[in-house]
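Enquirer:
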């Protein structure tokens with residue numbers, strides 16, 4: 002998914018997505034080439050659902066994102 006594709010279902014701005022990414026609260030993008038990054042659709046869907054269900058609890062979201070990152074790199 003492109004950044005625009007991620008913004009729409011999540012309801013987040015580009016700035017907010019990158020800020021959450023830095024804090025470990027949103028899945029990291031995958032760098033395809035120097036000027037192109039994409040997000041896996043399934044990771045974005047799960048992250049959006051958990052963010053909405055967590056009701057402001059960053060711990061649950063952070064745990065989920067860390068597990069997704071670990072699974073991706075394994």
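In this note's numbering, the protein residues as written are 2 to 75.
Ideal Cβ positions, reconstructed from N, Cα and C, are used throughout, including at glycine.
1. Might you give, ordered along the chain, the residues of its own chain that have their beta carbon closer than 8 Å to the beta carbon of residue 65, omitting 5 neighbours on each side?
2. Would you call the CB atoms of residue 3 and residue 36 closer than 8 Å?
3. Whole-angstrom Cβ separation of residue 7 and residue 62, contact assumed at under 8 Å?
4. Could you check which residue in 25, 34, 54 has the C-alpha nearest to that of residue 153?
5. Nearest to residue 85 by alpha carbon, out of 55, 21, 27?
6. Whole beta strand (DSSP E) runs in the segment 19–68 with 3 or more residues, listed along the chain?
7. What separation, rounded to the nearest whole angstrom, lies between the Cα atoms of residue 19 and residue 30?
Expert: In terms of the structure at hand:
1. Closer than 8 Å at the Cβ level, and outside the excluded window around residue 65, lie 47, 48, 51.
2. no
3. The C-beta separation of residue 7 from residue 62 comes to about 15 Å, leaving the pair out of contact by the 8 Å criterion.
4. Given that the chain is displayed from residue 2 to residue 75, the structure contains no residue 153 and the question cannot be resolved.
5. Residue 85 is absent from the model: the chain starts at 2 and stops at 75.
6. 31–34, 37–39
7. Approximately 9 Å between the Cα atoms of the pair.
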